[in-house]
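Read through the structure below, which is laid out as structure tokens, and then see the notes.
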Amino acid sequence: MKIEEKFIKYEKLLKEWSTRMNLVAPSTLNDIQTRHIKDSAQLAKFIPKNVKIIDLGSGAGFPGVVLAILGWDVTCIESIGKKTKFLSALKQELDLPNLTIVNDRIENFLSKTPVNPGDFVFTARAFAPLIKIFDYTGKKQTKNCRLFLLKGREIDSEILTAKSRYKFDYELHKSETGDGFIICISNLK
1407 MKIEEKFIKY
1417 EKLLKEWSTR
1427 MNLVAPSTLN
1437 DIQTRHIKDS
1447 AQLAKFIPKN
1457 VKIIDLGSGA
1467 GFPGVVLAIL
1477 GWDVTCIESI
1487 GKKTKFLSAL
1497 KQELDLPNLT
1507 IVNDRIENFL
1517 SKTPVNPGDF
1527 VFTARAFAPL
1537 IKIFDYTGKK
1547 QTKNCRLFLL
1557 KGREIDSEIL
1567 TAKSRYKFDY
1577 ELHKSETGDG
1587 FIICISNLK
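Each residue of the sequence shown is one higher than the one before, starting from 1407 at the first, in my numbering.
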């Protein structure tokens, strides 16, 4: 199945499953391609191809599943069982052997999973405030580990709050699909 076909099938499955559970805001179901898929795919131009991705709070698979379709090795962490079932169905239906689904809380997963900084990056979209993401990932951060996050209009205040407790370098890029931002973070201390 070609990449474009996988995205079309993803959209179909998301609409089907959304009749049974709240995966995305119902108001966005008429524009899944732009609002969710293209929005998530923006990260592709920032993330090196040779890293593994740990997607935090994956929900309906944005951006993790989108990045897996585009070729990255992705582990989606989701604590809600029914959302994990949806992600597992996507893995099977879209034939994504490079996608791993984990039903666990992020702090539990990160505390018991050895990760080699520099070989992986964290991603998230519509997950938690920046400072909370740093609280989860801070123990795993080194100079070589990075975060690539899709954030909303309040990013300036989130950065200010996070700087009260953490030091980090970042680049901020305007979203191409909405009024949000992509923040690329490194050197978190």
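In this text, a Cβ means the ideal position worked out from N, Cα and C, and glycines have one as well.
Our two residues, serine 1581 and isoleucine 1588, have alpha carbons roughly 6 Å apart in a direct line. For isoleucine 1589, DSSP records a beta bridge to Leu1555 and Leu1578.
When the alpha-carbon of lysine 1418 is set against those of Leu1500, Val1480 and Leu1566, the nearest one is in Leu1500. With distances taken between CA atoms, aspartate 1562 lies nearest to Gly1586 out of Gly1586, Lys1573, Ile1539 and Asp1541. For isoleucine 1539, the enclosing alpha helix (DSSP H) covers residues 1536-1543. Assigned with DSSP and collapsed to three states, isoleucine 1409 falls in helix. Residue pairing for asparagine 1509: DSSP places it in a beta bridge opposite Glu1484. Scanning Pro1454, Pro1432, Phe1515 and Phe1533 for the CA closest to the CA of glycine 1467 turns up Phe1533. DSSP places isoleucine 1453 outside any alpha helix (DSSP H), giving it a letter other than H or E.
Under DSSP, threonine 1529 shares a beta bridge with Asp1461 and Phe1554.
Bounds of the alpha helix (DSSP H) holding leucine 1473 are 1470-1475.
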